[in-house]
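A short write-up of the structure that comes next.
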Amino acid sequence: MKLVNIGFGNAVNAERVLSVVNPESAPVKRLVQDAKEEKLLIDATQGRKTRAVIITDSNHVILSYLQPEKIIARFNEDSLLEDV
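The opening residue of the sequence shown carries number 337 in the working numbering; numbering runs sequentially from there.
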């Protein structure tokens, strides 16, 4: 299992992530609201502004304070936490 840091000591399983998107569009806002209603929303922002929305293959939606570009760069780095 490879983990990617998404900020504030939180990490996600890189193999389960489908996409990392900007939270500003109306469809993404609806997706976040639907996930909240279905109790599939994970807020990893620690009360700060949401800058990225991570969508997983289990339909969980994860909110992050980091920019999508920063998270994507971390997916491409060799600094993934391996075999945790």
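Glycine included, each C-beta is placed from N, C-alpha and C at the ideal position.
Note that this is a predicted model, so its numbers are computed, not measured.
Beta-bridge pairing of residue i - partner residues as DSSP gives them
i, result
"VAL348", "VAL340"
"THR392", "VAL353"
"LEU399", "ASP379 and VAL389"
Residues near residue i in its chain [Cβ-Cβ closer than 8 angstroms; skip 5 each side]
i, result
"VAL348", "LEU339, VAL340, ILE342, ILE390, THR392 and ILE398"
"ILE407", "VAL340, ILE342, VAL356, ALA388, ILE390 and SER400"
Chain-order list of residues whose beta-carbon lies under 7 angstroms from that of residue i (same chain, five-residue window excluded)
i, result
"ASP379", "LEU399"
"PHE411", "VAL340 and ALA350"
Residue i versus residue j: straight-line alpha-carbon distance, rounded
i, j, result
"GLU360", "THR386", "9 angstroms"
"VAL353", "GLN403", "16 angstroms"
"ARG366", "MET337", "30 angstroms"
"ASN346", "ASP370", "23 angstroms"
Residues near residue i in its chain [Cβ-Cβ closer than 6 angstroms; skip 5 each side]
i, result
"PHE344", "GLN382"
"VAL364", "VAL357 and VAL389"
Supposed contact pair residue j and residue i - C-beta distance, whole angstroms, cut 8 angstroms
i, j, result
"LEU376", "ASN395", "6 angstroms"
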